[in-house]
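S.K.: Residue numbers (my numbering): 588 to 723.
(1) Would you be able to state if there are at least three C-beta pairs under 8 angstroms between the region 639-647 and the region 678-694?
(2) Residue 707 to residue 674, Cα distance in whole Å?
(3) Do residue 693 and residue 713 have their beta-carbon atoms positioned less than 8 angstroms apart in this structure?
(4) Where residue 662 and residue 672 are concerned, what is the direct C-alpha to C-alpha distance, given to the nearest angstrom?
(5) What's the call for residue 631, buried or exposed, on a 16-neighbour Cβ count within 10 Å?
(6) Check residue 687 in the structure and name its three-state DSSP category.
(7) State the CB to CB distance for the pair residue 596 and residue 635, rounded to an integer number of angstroms; the pair is presumed to be in contact (CB under 8 angstroms).
(8) At the level of alpha carbons, what is the spacing between residue 613 and residue 691?
(9) Curious, which full-length alpha helix (DSSP H) runs of at least 4 residues does the region 658-722 contain?
Shown next, in the form of structure tokens:
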């Protein structure tokens, strides 16, 4: 089930693309649902990505996701984590090379919302885990 924020994004994109109700329902039908509230988490993300792509192509939407800039990190360990994440993306082992995707991984591994709030020990664990993942 999509979050309220995701539903807002979907409906905002629907408005940006000037989709009438019938066209919007046809789009939802391609995902096997009649309402955006019935989407699975994976299908929700796919729908948002598809609508964003169409809206960007039409010039009515600008993605707020930021790609990596390795200089965003203040210390060498943070830069190493970002570099390893970028390598994983190049190797096709992670889908998105974005701050949001890395933050989700950091949250799962350390319970911290950002690399900035990780301790040195947590950063070492992250670096070693990313290295092992890259080797696989």
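Beta carbons are placed, not taken as given, at the ideal position from N, Cα and C, and that holds for glycine.
M.R.: Short version:
(1) No, the region 678-694 is not in contact with the region 639-647.
(2) Near 22 angstroms, if we compare the C-alpha coordinates of residue 674 and residue 707.
(3) A Cβ-Cβ contact shorter than 8 angstroms links residue 713 with residue 693.
(4) C-alpha separation (whole angstroms): 16 angstroms.
(5) Residue 631 counts as buried, since no fewer than 16 other beta carbons sit within 10 angstroms of its beta carbon.
(6) In the structure shown, residue 687 sits in a helix (DSSP, three-state: H, G or I).
(7) That pair is a contact at about 6 angstroms.
(8) Between residue 613 and residue 691, the C-alpha separation is close to 32 angstroms.
(9) Taking 4 residues as the minimum length, the alpha helix (DSSP H) runs contained wholly in the region 658-722 are 663-677, 686-697, 707-722, in order along the chain.
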